[in-house]
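Working notes for the structure below.
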Amino acid sequence: MLQVQDALIRFALEEMVANDKYPLHMERISENTRRLRERVQAKDIRGTLRAMIRYHELIVDASGNEYLKNVTRRHYLYHYERHVRDLATLDQLERAVEPYEKATQALLQRDGAGAYQCMRFKNYGFIAGLAGESSPLPVEPSSPAPSTADAPSNRKRKSAHV
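Using this note's numbering, the first residue of the sequence shown is number 21, and each one after it goes up by one.
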């Protein structure tokens, strides 16, 4: 599920940085990023997950693509929260906040590709963490983009929902 989300977010980020209403969307995304940090500092797992989901919703909305909005809402958003809430630890969520902050900083520079790299490393690190494995990708978003051979596609999956 997170791998499909990764592909959808990549497309949304590409569309977002080209959108005419970009400044308005960035204001909302920046505010949500602050809320995400507040929720994780309050050790509110549900609130943290909701802020993460809202971040993705805002990016998809900012893409301006109505079909993408419909697909992503049906595909994963609250289904994601329900399943991840029971699997994720607070420590995993705390580590996931920094990539959102870095992605927001990249977006403020209209760097959709940089924001995607931040989100990609977070997603694959989170997938590995939920599967009980160490991340096969470096956590540092400033690293060069990994090749598709580096992606964790041949890893055993412990849950059909991950």
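Just so you know, even glycine gets a beta-carbon here, dropped at the ideal spot from N, CA and C.
- Short of 6 angstroms from the beta carbon of R130, and not among the five residues preceding or following it, lie these beta carbons of its own chain, in chain order: V37.
- Counting C-beta atoms within 10 angstroms of its own C-beta, V117 has 16 or more neighbours from the protein chains shown and is therefore classed as buried.
- With 16 or more other Cβ atoms from the protein chains shown falling within 10 Å of its own Cβ, K122 counts as buried.
- In this structure the region 25-37 lies against the region 82-89, because at least three pairs of beta carbons, one per stretch, are closer than 8 angstroms.
- Y87 is classed as exposed because its beta carbon has fewer than 16 other beta carbons within 10 Å across all chains shown.
- In the three-state reduction of the DSSP assignment, R54 falls in the helix class, which pools H, G and I.
- Here the C-alpha atom of R57 lies approximately 15 angstroms from the C-alpha atom of R48.
- DSSP places V60 in the helix class (H, G or I) of the three-state scheme.
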